[in-house]
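Residues 106 to 207 in our numbering are what the sequence shown lists, from first letter to last.
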Amino acid sequence: MEVIYMSNEINIKSDVFYEVVSLLKQINISLNYSINKINNEGNKLANTWDSKSGSNFNEKHKKLISNMKLLSNGIGDLAVELNNINSIYEETDNLISSKISF
């Protein structure tokens with residue numbers, strides 16, 4: 106009876122790992138979308154004003170453009186870290202699955 110209980114506990118923990126991996130993948134998809142959106146919108150904004158007023162927009166709003174790039178880089182770094190965490194969870198889940206013969 107104790108062996109069955111331990112086996113069920115491992116199954117539950119494995120399910121939790123699977124849920125966490127799935128959530129992290131969704132977060133990564135959202136972050137990658139946000140990174141691309143920020144970069145695209147920042148480029149559109151700069152290009153729009155460049156075409157209307159030469160490089161006047163870039164000169165007047167260097168800080169804004171710089172902050173948008175920093176934000177995008179920060180989100181990119183966060184996505185990389187989440188991918189690393191995601192990999193660890195996947196490895197752990199695979200190890201558990203192999204040990205309990207899923």
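Glycine included, C-beta positions come from ideal geometry on N, C-alpha and C.
In this structure, S177 lies near I140, with their beta-carbon atoms less than 8 angstroms apart. Between L187 and I132, the C-beta spacing is below 8 angstroms. Rounded to whole angstroms, I180 and L200 show a C-alpha spacing of 30 angstroms. Of the candidates V125, L175, L136, L136 places its Cα closest to the Cα of A184. Around the Cβ of D120, a 10 Å sphere holds fewer than 16 other Cβ atoms; the residue is exposed. Taking 8 angstroms as the cut-off, the beta carbon of N191 is found closer than this to the beta carbon of K130.
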